[in-house]
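In the numbering used here, the protein residues as written are 189 to 437. Just so it is clear, CB atoms sit at the ideal spot from N, CA and C, and this is done for glycine as well. Take a look at the structure set out below.
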């Protein structure tokens, strides 16, 4: 199993941005992390930053990725977070499709995977923010009713070092399984077991369309299956946003 090359950044605007800017000079599976990310970004341009020393911002670099990998990487990243945090806390974390990690209906982690072409190399940068130590009062003051931290929900103060090492070990194992199989299918059942969408009413939002339906499952390729007006439709990550009808989930 591959081992990461670690880079610690005391303060950074975005760990994803740092790796994208330095990808040409860094080896495969370089991982950079910081406890003070000032301008992180989530999916669809959302801000992802927090109080200093309460969140672990972690990004890692994968050289030689293919177009089909980008559909799967966000799912693998979410699975690794669920497995890693579960191992460290003994709690059952869930995944809001495609890659938000949640506990008790609160978002604990956000994930953003990006791809670039650099000469003859195509690479991916996968970034994840772990809310570790912020208090419930912080989220209340910031008007973030759907966010939480490991500490605010479990009372546990996880070490950022343990979180980053456990997380990348879990990701490396999942990525190796995916690459060996050549598809997401062998991992789909494990992903389904952590899904908080299946069996719930959801709202699907495309660029110029919005519809409500029942989430019926996760397909072998990782797409979300939603029954809308009696027809089961496949929703691909990046093409639409999925929200719960009765709260965050």
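For residue 221, the enclosing beta strand (DSSP E) starts and ends at 218-222.
Look at the region 283-316 and you find these whole runs of beta strand (DSSP E), each 3 residues long or longer: 288-291 and 294-306.
Around the C-beta of residue 385, 16 or more other C-beta atoms lie within 10 Å, and the residue is accordingly described as buried. A contact is defined here as three or more CB-CB pairs under 8 Å, and the region 238-247 meets this definition with respect to the region 306-317. In this structure, residue 356 keeps its C-beta atom at 8 Å or more from the C-beta atom of residue 375.
Annotation for residue 419: no alpha helix (DSSP H) segment contains it, though the beta strand (DSSP E) segment containing it runs 419-423. In the three-state scheme derived from DSSP, where H, G and I count as helix and E and B as strand, residue 260 is classed as helix. 273 is the residue among 255, 273, 282 and 373 whose C-alpha sits nearest the C-alpha of residue 339. Closest option to residue 267, judged by alpha-carbon separation, among 292, 299 and 394: 299.
In terms of Cα proximity to residue 215, the closest of 425, 221, 208 and 249 is 249. Residue environment for residue 358: buried (at least 16 other C-beta atoms within 10 angstroms of its C-beta). Shortest Cα-Cα distance from residue 347 to any of 276, 261 and 210 involves 276.
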